[in-house]
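K.L.:
Before anything else, here's the structure in question.
Here it is in structure tokens:
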């Protein structure tokens, strides 16, 4: 359980402007300098300018660790799921396939999985993660729950349902107040096209 | 002789743009910084606070500066990777002289400076003083901008100095001055989240002023309704409460239409208008015919959107207007801005907390760069070069006879027209790259080719520097100390992180050295940039942009000081026009009636599509710096033509196809990006690239009659599918103008 004054990670996808400041800053983090571990997804550029940043969500029961045959993925006492341990990782990519958020990536050049560790070198000494410090839109924020509740209209939740699989994460996501859990139904994966942002249809008027 | 001495590919192979991908000390984390320097980003007008890590006189990385109030550690990708321009293989480290057929060869400073001074003298003796022109820039510190203005009037004695803020801020500035009396954003950014209605007109905030996004979103969290006007659904438009996909050049339709509805529904502050303004009757008369239906035809959007905009803006208790180049880059740019500002003054919502207006200044020192006297019509302190009192005061500061100060000279585009006409024969430029940034690019290239002598102070061999006889190796922002003035009017302090490399010199010393050779050494006897700032303070004293009370120490202590700040005891002025006191002599705001007129070049049957140009988030202006940073180039490597699928289908164009975008003046061949987020009558090409990838090959050389800003945001083109280009330019790396 998180303490009242503890700094937490909050993602608000609706704020993201796709600028990639997070991607560029991630590789400046000392634990993995030169390698960016955050993902910035462009959803469907043909239809929309929507983008979404994806850090590791740091699951309470990390699926990546559960499926690792080499026991190479460890969670710290403060709930941060670390990158794979170099001596143990066998590069099998089970974690890559299993993570519901698509976070771990296998890096062939070092035959090892690397993933976001919430800038452990920074957060463990009271600094904020690089991505959530530089993010110019507030899509990524590292602050107290009290502060986020005071300054945002949405609510912060950390419960997800992927098909039948319930997942609880350390990282929060901002959602409208009526939402208690993010349900990701299997049939929605793969993407449906939308005309919501089609300027041509906006111009047709009412 | 101002032609490239060898072929472009040969110059590119020697001087770049090449990509720097690795920090000066590698990606290793073993190297501890000797120093961490609290300073500011060198790029846009947000001027975000940032800390640069320095080791062994090299900038090796950055750390966010969370205590700086404006951005609180936030940065865009350009700010994050800015340090990669230091220790760059393309960096100019010595003066260069053009040798026909051989390229640019390093020479001694004496040889280079003697040549520059000699050519200035020769040209002026042969053709008159005004035959030599100077170009400055809004990436210069206040100190350098001030020095350029003084250098022009006192050392070179030419009337013809202008700067690249002419391509950026002048429409906003002229409109703001006409109505409110001061060319500066009226409010600090901290007022934005306190506004209940926000109108963002022609500003791609997410890409061009990314830090401002958080201010907008915070306003929305506080309950504000946000209206965005743009021909493209930009990232901020996606979440706006009302997105108006206005036709480029149709903005006055929206503004006057909104005002029409506001008058009709009684959403006008008549008491404020009576007490604090003049000219309302003419405005009321002018907007009478702008019914939503009439206005909608001009704006190219449904009338209901204009009504809805008025319903959001009209009755709001607090409000904030933001506009940028989207409405300013027009041959009616000043009119567009005045129509927008009329909405603010008519509501009476200005000069209070959460109520106000700001233009989003684009360039790093876009604000300060337009105050210190490097504009063709201006003296320091935002003074008027034709006002006898102003001339007298500045003459006394400079210690020169008033009559020796030249009168108003030509602005940026007319300078190039005067080169074509044979009236201007020599050019010295700093902090600008007209070969990418000016419209109708082939015309600009031909002008360079007609010059007898051209010189540029530059840190990289920019596309314009290729057309020079002498290139003087100058300094990056982090290699010198000085001040800039951010988008809010907050004067801030850039610290020197490192010295210029090898034989490069700080810009102000170069300018002083030329002045000495021109016989004006006693007026340019500065030993430090601080001494220049102190003279600037005095020169600005009593002017509109009064810096007299601002010292570098105060800036550091107070994390910036807002001008006007007339005395050391004065707290500075974050918010202008408090209590309805405007800056005209009568203390009132002067409404300006605005009538829409067409663009210089509207579409026709031969050129049936609107081209609009702009920026992408990972590149900055002409790309001289950002097209050399690998991570930023990877993010958006080459210009794409955004085109709506409806239009693309009609033209038989698929996503990723090569297309030729062609106007009466020139063309580019680039790949198409099919997106539904743009109007189907409009295509968009970003402008950061040179040569056959330059969006400014197509743009029209038409300028606003008042501000002289070029019309970058609308011209007529045709678009067709094209074969993949394989010529020598196309084969260059993408950052150099190649295409893949």
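Protein chains in written order, with our numbering: chain A, 1 to 206; chain B, 1001 to 1740.
Glycine included, C-beta positions come from ideal geometry on N, C-alpha and C.
Identify the continuous beta strand (DSSP E) that holds residue 147(A) and give its terminal residues.
P.N.:
Position 147 of the first chain holds residue 147(A). Premise fails: residue 147(A) lies in the alpha helix (DSSP H), 145 to 151, not in any beta strand (DSSP E).
K.L.:
Residue 1444(B) to residue 184(A), Cα distance in whole Å?
P.N.:
Numbered from 1 along the second chain, position 444 holds the residue referred to as residue 1444(B). Numbered from 1 along the first chain, position 184 holds the residue referred to as residue 184(A). Cα-Cα distance, rounded: 55 Å.
K.L.:
Out of 1708(B), 1665(B), 1664(B), 1646(B), which has the shortest C-alpha to C-alpha gap to residue 1683(B)?
P.N.:
Against the second chain, residue 1683(B) aligns to sequence position 683. Checking every option, the nearest Cα to that of residue 1683(B) belongs to 1646(B).
K.L.:
Using the beta-carbon of each residue, which ones in chain B are nearer than 7 Å to residue 134(A)?
P.N.:
Taking the first chain and counting its residues from 1, one reaches residue 134(A) at position 134. Simply 1064, 1073, 1074, 1075, 1080.
K.L.:
What residues in the stretch 1303 to 1318 of chain B bring their beta carbon closer than 9 Å to a beta carbon of chain A?
P.N.:
Of all residues in the stretch 1303 to 1318 of chain B, 1303, 1304, 1305 have a Cβ within less than 9 Å of some Cβ in chain A.
K.L.:
What is the C-beta distance between residue 1632(B) and residue 1618(B), in whole angstroms, given that I count them as a contact (C-beta under 8 Å)?
P.N.:
For this step, residue 1632(B) is matched to residue 632 along the second chain. For this step, residue 1618(B) is matched to residue 618 along the second chain. So it is a contact: roughly 4 Å between Cβ atoms.
K.L.:
Candidates 1341(B), 1701(B), 1308(B): which alpha carbon is nearest residue 1265(B)'s?
P.N.:
Mapped onto the second chain, residue 1265(B) falls at position 265. For residue 1265(B), the nearest C-alpha among the options comes from 1308(B).
K.L.:
Looking only at C-alpha atoms, which of 1509(B), 1471(B), 1194(B) sits nearest to residue 1106(B)?
P.N.:
As a first step, residue 1106(B) is located in the second chain; it is residue number 106 there, counting from the start. Out of 1509(B), 1471(B), 1194(B), 1471(B) has the C-alpha closest to the C-alpha of residue 1106(B).
K.L.:
So, is the C-beta of residue 2(A) closer than 9 Å to a C-beta in chain B?
P.N.:
As a working mapping, residue 2(A) is identified with position 2 in the first chain. Its pLDDT being 47, under 50, residue 2(A) is placed unreliably in this model, and the value from its coordinates should be taken loosely. False, the Cβ-Cβ gap to chain B never drops below 9 Å.
K.L.:
If you measure from the beta carbon of residue 163(A) to each beta carbon in chain B, is any gap under 9 Å?
P.N.:
As a position in the first chain, residue 163(A) is number 163, starting the count at 1. Answer no: the Cβ-Cβ gap between residue 163(A) and chain B never drops below 9 Å.
K.L.:
In chain A, which residues lie less than 7 Å from residue 1233(B) when you measure between Cβ atoms?
P.N.:
Working through the second chain from its first residue, we reach residue 1233(B) at position 233. Neighbours of residue 1233(B) on chain A, chain order: 49, 197, 199.
K.L.:
Evaluate residue 1180(B) with the Cβ neighbour count: other Cβ atoms within 10 Å of its Cβ, from every protein chain shown; 16 or more gives buried, anything less gives exposed.
P.N.:
Translated into the one-based positions of the second chain, residue 1180(B) becomes position 180. When all chains shown are included, residue 1180(B) counts as buried.
K.L.:
Along the chain, where does the alpha helix (DSSP H) that runs through residue 1114(B) open and close?
P.N.:
The residue labelled residue 1114(B) in the question sits at position 114 within the second chain. Taken as a continuous stretch (DSSP letters only), the alpha helix (DSSP H) holding residue 1114(B) covers 1109 to 1127.
K.L.:
Pick helix, strand or coil for residue 14(A), following the three-state DSSP scheme.
P.N.:
Here residue 14(A) is taken as the residue at index 14 of the first chain, counted from 1. In the structure shown, residue 14(A) sits in a helix (DSSP, three-state: H, G or I).
K.L.:
Give the C-beta separation of residue 1672(B) and residue 1641(B) to the nearest angstrom, bearing in mind that I take them to be a contact with Cβ-Cβ under 8 Å.
P.N.:
Along the second chain, read from residue 1 onward, the residue named residue 1672(B) stands at position 672. Along the second chain, read from residue 1 onward, the residue named residue 1641(B) stands at position 641. So it is a contact: roughly 5 Å between Cβ atoms.
K.L.:
Could you give the residue range of the beta strand (DSSP E) that holds residue 123(A)?
P.N.:
What you label residue 123(A) is simply residue 123 of the first chain in a count that begins at 1. Counting along the chain, residue 123(A) falls outside any beta strand (DSSP E), though it belongs to the alpha helix (DSSP H) covering 120 to 123.
K.L.:
Thinking C-alpha only, which one of 1274(B), 1567(B), 1195(B) is nearest residue 1356(B)?
P.N.:
In the second chain, residue 1356(B) corresponds to position 356, counting from 1. For the residues 1274(B), 1567(B), 1195(B), the minimum Cα distance to residue 1356(B) belongs to 1195(B).
K.L.:
If contact is defined by three or more beta carbon pairs under 8 Å, each pair taking one atom from either stretch, is the stretch 1524 to 1531 of chain B in contact with the stretch 1120 to 1128 of chain B?
P.N.:
No, they do not touch.
K.L.:
Under 8 Å: do the stretch 1413 to 1430 of chain B and the stretch 1565 to 1573 of chain B share three or more Cβ pairs, one atom per stretch?
P.N.:
Result no; under three Cβ-Cβ pairs closer than 8 Å.
K.L.:
What are the uninterrupted segments assigned as alpha helix (DSSP H) that are 4 or more residues long and contained completely in the stretch 1518 to 1572 of chain B, given in chain order?
P.N.:
Entirely contained in the stretch 1518 to 1572 of chain B, the alpha helix (DSSP H) runs reaching 4 residues are, in chain order, 1529 to 1540, 1552 to 1558.
K.L.:
So for residue 1346(B), helix, strand or coil by DSSP?
P.N.:
The residue given as residue 1346(B) occupies position 346 in the second chain. In the structure shown, residue 1346(B) sits in a helix (DSSP, three-state: H, G or I).
K.L.:
Pairing CB atoms from the stretch 57 to 68 of chain A with CB atoms from the stretch 1684 to 1695 of chain B, are three or more of them under 8 Å?
P.N.:
The stretch 57 to 68 of chain A, when compared against the stretch 1684 to 1695 of chain B, does not touch it at the 8 Å Cβ threshold.
K.L.:
Taking Cβ-Cβ distances below 7 Å as the criterion, which residues of the stretch 15 to 34 of chain A are in contact with chain B?
P.N.:
From the stretch 15 to 34 of chain A, only 15, 17, 18, 19, 20, 21, 24, 25, 28, 30, 33, 34 have a Cβ closer than 7 Å to chain B.
K.L.:
Give me the Cα-Cα distance between residue 25(A) and residue 1268(B), rounded to the nearest whole angstrom.
P.N.:
Locating residue 25(A) in the first chain gives position 25, counting from the first residue. Locating residue 1268(B) in the second chain gives position 268, counting from the first residue. Roughly 47 Å between the two C-alpha positions.
K.L.:
Looking at C-alpha atoms only, which residue of 1329(B), 1628(B), 1070(B), 1158(B) is the closest neighbour of residue 1131(B)?
P.N.:
Numbered from its first residue, the second chain carries residue 1131(B) at position 131. For residue 1131(B), the nearest C-alpha among the options comes from 1158(B).
K.L.:
In terms of residue numbering, what span does the alpha helix (DSSP H) encompassing residue 1217(B) cover?
P.N.:
As a working note, residue 1217(B) is residue 217 in the second chain. Segment 1212 to 1221, the alpha helix (DSSP H) holding residue 1217(B).
K.L.:
For residue 1355(B), does the three-state DSSP call read helix, strand or coil?
P.N.:
Stepping through the second chain from its first residue, residue 1355(B) is reached at position 355. Residue 1355(B) falls in the strand class under three-state DSSP.
K.L.:
Under the DSSP definition of a beta bridge, which residues are partnered with residue 1061(B)?
P.N.:
Within the second chain, residue 1061(B) is the residue found at index 61, counting from 1. According to DSSP, residue 1061(B) bridges with 1053(B).
K.L.:
Where does residue 40(A) sit, in a helix, a strand or coil, going by DSSP?
P.N.:
The residue given as residue 40(A) occupies position 40 in the first chain. Here residue 40(A) sits in strand by DSSP.
K.L.:
Do we get a CB-CB distance below 9 Å when we pair residue 107(A) with the residues of chain B?
P.N.:
By 1-based counting over the first chain, the position of residue 107(A) is 107. Not closer than 9 Å to any Cβ of chain B, the Cβ of residue 107(A) fails to qualify, so no.
K.L.:
Since residue 1374(B) contacts residue 1161(B) with CB under 8 Å, what's their CB separation in whole angstroms?
P.N.:
Taking the second chain and counting its residues from 1, the one referred to as residue 1374(B) is at position 374. Taking the second chain and counting its residues from 1, the one referred to as residue 1161(B) is at position 161. Right, the Cβ-Cβ distance comes to about 6 Å (below 8 Å), so this counts as a contact.
K.L.:
Cα separation between residue 1651(B) and residue 1611(B)?
P.N.:
For the purposes of this step, residue 1651(B) is taken as the residue at position 651 of the second chain. For the purposes of this step, residue 1611(B) is taken as the residue at position 611 of the second chain. Cα to Cα, residue 1651(B) sits roughly 16 Å from residue 1611(B).
K.L.:
Specify, as a first and last residue, the run of the alpha helix (DSSP H) that residue 94(A) falls within.
P.N.:
For the purposes of this step, residue 94(A) is identified with residue 94 of the first chain, where counting begins at 1. Here the alpha helix (DSSP H) through residue 94(A) covers 94 to 98.
K.L.:
Distance cutoff 9 Å, beta carbons only. Does residue 46(A) sit that close to anything in chain B?
P.N.:
Stepping through the first chain from its first residue, residue 46(A) is reached at position 46. With 9 Å as the cut-off, residue 46(A) counts as an interface residue toward chain B.
K.L.:
In the stretch 1569 to 1614 of chain B, which residue ranges form an unbroken alpha helix (DSSP H) of at least 4 residues, counting only runs that do not cross its ends?
P.N.:
List check, alpha helix (DSSP H) in window: nothing returned.
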